[in-house]
Amino acid sequence: MLSSSFLRAGWFRCLTVLLVCCFSFFPYLGAPNVSLMEARNFVAAREMAQGGSWLIPTMNLELRLAKPPLPTWAVATAMKLFGTTSDLFVLRLPAALMATLLVFFFWGLARELTRRLPADADEPGRTAWLSALVLASSLLIITSGREGQWDIFSNGCMVGALWLLTRGWNSAGRGYGWFTAAGVALGACILSKGPVAPYAMLLPYVGCYVSGLNPWRATVRAHWRGTLLAAVLGLGIGLSWPLYVYSHVPAAVLAVARVETTSWGERHVQPFWYYLNFPVFSGIWALIALAALWVPYARRRAGAYVPYLLLLGWLVASLVLLSLVPEKKERYMLPLLPPMALLIAGMLRYLETVFRAAAAPAAARRLVRGWSLLLIVVCLLAPLAMVLAQLPGFGPVTLRFGAVVVVLGGLALVVFREGWQRLRPVPLMAASLTGMAALLALLLPAYPLWEGRRDEQGLRRLADVRRQPSLHRLPWCSMGEVPVKQVWMNGEPMPDISDDTLRTPTRLPVVILSEHPYEDDDLPDAWQDSVDAMPSDSFYLGRDRGAGAWYYTVLRRKYTQFSREQRRGTLFPWNRVAH
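According to the UniProt record's numbering, the residues represented by the sequence shown are 1 to 579, in order.
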């Protein structure tokens, strides 16, 4: 049994949080296929790393101004440092590191919010430490931290800004250093995804912090100069890139602004109550999250360890603001996870304290047993899911299946004994963290297999086309906008030359991609006398035929001594219909 002083040691707590982050964000980081959002970020980063502009990003050599560039800068920097533009582990590494940084920023914020509470004096910092462990093992944080998109960067920087602001407000002196750092973090947040995180996280937090929900709100008034410094610095840094881009391409910036503003009300529209299932995204902590949100029960119990009304107000305000925007996606719920994690930590502290007494209340006993039952069900369902999924390498006779049975089966026995029978919350916390780490370490390699379980076999895709020896070293272009996933898989830009009708391509032969077969009659008039279009061939865009197909055609300089039939038979022998 570890001693109490050992468990309270700062280095031990830091090590445990770091260990949970390592299991949550880094194993098999390169395994899943590239998503649409990742493809956009990775293509823009690849063009930066290969010599493109870092201040005016491009995607497939077209302006990419819809998203601020900080996450793309991070990926491009990783590409340059590691010397690769295709290794998905390297490309997702910045997001995983930012997720880890988010957890540590939140740990600092939780410490600032709880250190004045009387209950924290018994075990200083324990509530904040538990909240960091909860956040690092929450489902939505894990999935977002393993994907190379923008949200984890903007939310990570915003949590850092909130911690630094709160640290400045709590400081005995003027705290200008803390407020300066908060301004930098706020600026980085805006450079990551514009006003989204300030709207959904900063506005609710500051509004609740200066309201009657916070008994220490007077400290904000005492540090108004520092607060103003942070705001001015943050806006100055955050608006520097949009202003720079506007000074160079104003028409493009205004066009993008119109499209993005319209999309908030027209794309991915969901009903107002879409986010009400947010406790589920706490993952293994979902049952405790529901208990923490039951105000009549949790206010007096969790409220001894966390500023309950402040956190609840922050959470509800963020939920309302997010729900007011018609465009909704699951990852947009990230601003709800930090206050939820601290509320969960408050409930955990109450449970571990109340069960030290001789007789715990019946409601607490039911909650611990329900939590135990949930963990046992998860441990038992995982091997069953492996059997039913029938994925190669994960069947009942494989070593990995045996490891899952031994690890999760043993964990279920521990949960039954310590949680169900002995009603000990602390082993349940350890079991929850261990179970999540085991699931990630043992089952994540199955995810690509699960994604591809319905792939239609035998279809030719762009990667197969690229391997044809006759197409090696040829430049690639397109007639129309190519889906960005295909640009990513191509490994290099495929500029759209459909509007370039006045001059012949300077480099021939060239491969042209198009939605329809491209023939000599489709050539611009200016090209007719000098360019031949070889017969088109096709490839599929997705996992099955339903995803659609595109065509590729080789344009060559015209040779009058060959007829079309001769060209088809001798110069383009690989022509066939995709199957």
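Idealized CB from N, CA, C, for every residue including glycine.
- When beta bridges are read from the DSSP output, Trp-241 appears opposite no residue.
- Taking Glu-330 as reference, the option from Asn-277, Val-378, Gly-52 with the minimal CA-CA separation is Asn-277.
- Val-511 is not a Cβ neighbour of Leu-523, given a cutoff of 9 Å.
- The distance from the Cβ of Leu-423 to that of Ala-360 is about 7 Å, consistent with a contact at the 8 Å cut-off.
- Positions of the alpha helix (DSSP H) runs, each at least 4 residues long and wholly inside the stretch 268 to 312, are given as 286 to 293, 295 to 302 in order along the chain.
- Within the same chain, and ignoring the five residues on either side of Ser-154 in sequence, the residues whose Cβ sits closer than 7 Å to its Cβ are Cys-189, Ser-192, Lys-193, Val-196, Ala-197.
- In the displayed model, Arg-64 falls within coil according to three-state DSSP, outside both helix and strand.
- Taken in chain order, the unbroken stretches of alpha helix (DSSP H) that lie wholly in the stretch 421 to 455 and span 4 residues or more are 425 to 443, 446 to 451.
- According to the DSSP assignment, Asp-464 belongs to the alpha helix (DSSP H) that extends over 462 to 466.
- Counted as a single uninterrupted DSSP element, the stretch harbouring Phe-539 is not any alpha helix (DSSP H) but the beta strand (DSSP E) occupying residues 537 to 540.
- DSSP lists Cys-477, Thr-553 as the beta-bridge partner residues of Ile-512.
- Where Asp-151 is concerned, the enclosing alpha helix (DSSP H) starts and stops at 151 to 170.
- Thr-261 counts as exposed, since fewer than 16 other C-beta atoms from the protein chains shown sit within 10 angstroms of its C-beta.
- Residues of the same chain with a CB within less than 7 Å of the CB of Val-406, apart from the 5 flanking positions on each side, do not exist.
- C-alpha of Gly-212 to C-alpha of Val-206: approximately 12 Å in a straight line.
- In this structure, Met-489 lies near Ala-463, with their beta-carbon atoms less than 9 Å apart.
- By DSSP's assignment, Val-531 forms a beta bridge with Arg-557.
- By the neighbour-count definition (other C-beta atoms within 10 Å, threshold 16), Pro-392 is an exposed residue.
- DSSP places Thr-58 within a strand segment (E or B) once states are collapsed to three.
- With a 10 Å radius around the Cβ and a threshold of 16 neighbouring Cβ atoms, Arg-349 comes out buried.
- Its Cα nearest to that of Leu-203, the residue Leu-321 stands out among Val-415, Leu-321, Leu-130.
- The beta carbon of Val-17 lies closer than 8 Å to those of Val-103, Phe-104, Trp-107, Trp-129, Ala-132, Leu-133, Ala-136 in the same chain, with the five residues before and after it left out.
- One Cα belongs to Ala-182, the other to Phe-82, and the distance between them is close to 30 Å.
- Inter-residue distance for Ser-470 and Glu-492 is about 17 Å (C-alpha atoms, whole angstroms).
- Of the residues assessed, Ala-286 falls on the buried side of the cut-off, its CB having 16 or more other CB atoms within 10 angstroms.
- Cβ contact annotation for Pro-483 (same chain, cutoff 7 Å, sequence separation greater than five): Leu-541, in chain order.
- Of the residues assessed, Arg-267 falls on the exposed side of the cut-off, its CB having fewer than 16 other CB atoms within 10 angstroms.
- As summarised for the UniProt domain "Glycosyltransferase RgtA/B/C/D-like" (67 to 225), there are no continuous beta strand (DSSP E) elements at least 3 residues long confined to that stretch.
- The beta carbon of Met-494 sits closer than 8 Å to those of Asn-60, Trp-476, Cys-477, Ser-478, Val-482, Gln-486, Val-487, Leu-513, all from its chain and outside the five residues before and after it, given in chain order.
- At least 9 Å separates the beta-carbon of Leu-290 from that of Ser-318.
- A check of alpha carbon separations from Arg-126 across Tyr-308, Leu-309, Ala-345 identifies Ala-345 as the nearest.
- The C-alpha of Gly-168 is placed about 28 Å away from the C-alpha of Gly-145.
- If you check the CB distance, Leu-55 and Tyr-244 come in under 9 Å.
- When Tyr-305, Phe-25, Val-210 are compared, the shortest CA-CA separation from Leu-444 is found for Phe-25.
- For Tyr-350, the enclosing alpha helix (DSSP H) stretches over residues 337 to 354.
- The DSSP-derived three-state label of Asp-544 is coil.
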